[in-house]
Every structure is written in structure tokens, then in C-alpha cells.
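Per UniProt numbering, numbering through the sequence shown is continuous, rising by one, with the last residue being 179.
Ideal Cβ placement from N, Cα and C applies to all residues, glycine included.
Predicted, not measured: the structure shown is a model, and the values here were computed from it.
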Amino acid sequence: MIEIMKPHLTYTTAQSRADLEQILALQRSNLPGAAPGQDEQGFVSLVYTVPLLESVCGPHRHVIAKDGGQVIGYTLVLLQESKAHFPEIGDMFGAVDAWRKPGTRYFVMGQVCVADGYRGQGVFRGLYHKLRDEMQAHFDFVATDVSRKNLRSMNAHAGVGFKEINEGSPWQVIVWDWQ
């Protein structure tokens, strides 16, 4: 396992049920309306469970940022085979499939989240770079969608290198091409 270190943060993959439970705790605190003013800081929309987290990534692992033993950020790997669990993102898969070149391999970043207090410190970028390090040997690009109401997330994804592949939808479908 490759680990990228910042002064007090570790970027790694989720290795235990405790890691997955901490992901869910962070997710719950970032759902729309979870806290006053939270929506302006970014929010997540899909709700996962531990069994779902264990199944949607196949042989791969979700990427996490930890401060000591505490998960303070995550990116979730969602393989194409798992799309039946999330009918609400079927349009995103359709947009990606229409855009991609034949034979290219991709997965969906099922959710990214950074804990309040760690935002604006490069954690988002660190998570995505660790995700690329883990997944680039297996996939040509990663795709995701972001609510156009979530300006913080739209800007952060653009800063990493994601490009929009659809227009006019309330959800911005974006890809980070590694080829």
C-alpha cells in the first residue's frame, strides 16, 4: 500500500469496517440540511451503508484521508456493475457511455467529502491524486456528477482537472481523463 504523507494527514485506502463506519459518519454530517450553512460549504447526495460500501468497489478500495486514526475525507469507488444500486445516477452513466471512446475503461467516483475544518487545505486534491495512483493501472478515466448548486464542489473538481461532458442538466457530468 502506497501512502502519501502531509504533515499530519495520511492518504490511504479503507482497510477496515471502522474506516467504512467513519466514512458514513462523515457522510451523514454532509447531507443537505445536516447543519445550518452546510449547503454553501458543499454537500453529498447519495446515501450509502457499510454493506453497500463493501460491494460497490469490487476488488478495489475507497480512498480516505486520515488525521491520526480519524477519517477526515474520502472518495468512493463505484464500479459500473454497481449502477443498479443507484437508479438516480443512470443519466450520468448514459452521458459517460455516449462520450467515451470505444474500449476505454472507467469507474465512477461515487462521492467525495472533506470534513469541515480540513477544507481549503489541499485534502480534496490529495484524495483525488491518491485515487488516481490506486486506479490508473486499471482504468482510463474517472467520471462523476456534481449538482450545479454545489459551486464549491464544481470549482474543486475543475481544479483537479475534471472537464464537463454535458450541458443543460441540473447535474454537471464531469470526467478526469488519465490517458
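Checklist entry - Comparing alpha-carbon positions, which option in 103, 117, 113 lies nearest residue 179? => result The residue you call residue 179 lines up with position 179 of the sequence shown. Checked all of 103, 117, 113; the closest Cα to residue 179 is 103.
Item to check | Per DSSP, the bridge partner or partners of residue 176 | outcome: Position 176 of the sequence shown holds residue 176. Beta-bridge pairing links residue 176 to 142.
Checklist entry - Which two residues bound the contiguous alpha helix (DSSP H) that contains residue 126? => result Start at 1 with the first residue of the sequence shown, and residue 126 comes out as number 126. Looking at the DSSP string, the run of the alpha helix (DSSP H) that includes residue 126 is 123-135.
Next on the checklist: Taking a contact to mean a Cβ-Cβ separation below 8 Å, would you say residue 64 touches residue 48 in this structure?
Outcome noted: Your numbering for residue 64 matches position 64 in the sequence shown. Your numbering for residue 48 matches position 48 in the sequence shown. Not closer than 8 Å, so no.
Checklist entry - Would DSSP call residue 50 helix, strand or coil? => result Counting from 1 along the sequence shown, the entry for residue 50 is found at position 50. In the structure shown, residue 50 sits in a helix (DSSP, three-state: H, G or I).
Item to check | Option in 170, 134, 156, 86 with minimal Cα separation from residue 147 | outcome: For the purposes of this step, residue 147 is identified with residue 147 of the sequence shown, where counting begins at 1. It is 170 whose Cα lies nearest to the Cα of residue 147.
Checklist entry - Going straight from the alpha carbon of residue 36 to that of residue 122, what length do you get? => result As a working mapping, residue 36 is identified with position 36 in the sequence shown. As a working mapping, residue 122 is identified with position 122 in the sequence shown. Residue placement at residue 36 is flagged as unreliable, the pLDDT there being 47, under the threshold of 50; the coordinate-derived value follows with that caveat. Roughly 24 Å separates the two Cα atoms.
Item to check | Assigned exposure category for residue 62 - 16 Cβ within 10 Å defines buried | outcome: Locating residue 62 in the sequence shown gives position 62, counting from the first residue. Buried, since its Cβ has 16 or more Cβ neighbours within 10 Å.
Checklist entry - Comparing alpha-carbon positions, which option in 156, 129, 30 lies nearest residue 182? => result Because the chain in this structure spans residues 1 to 179, residue 182 falls outside the shown range and cannot be described.
Item to check | Within 8 Å, strictly: CB atoms of residue 20 and residue 54 | outcome: For this step, residue 20 is matched to residue 20 along the sequence shown. For this step, residue 54 is matched to residue 54 along the sequence shown. Contact: yes.
Item to check | CB-CB length for residue 176 against residue 139, believed under 8 Å | outcome: Here the question's residue 176 lines up with position 176 in the sequence shown. Here the question's residue 139 lines up with position 139 in the sequence shown. Incorrect: roughly 10 Å between the Cβ atoms, too far for contact.
Item to check | DSSP-derived helix/strand/coil call for residue 78 | outcome: For this step, residue 78 is matched to residue 78 along the sequence shown. Strand at residue 78.
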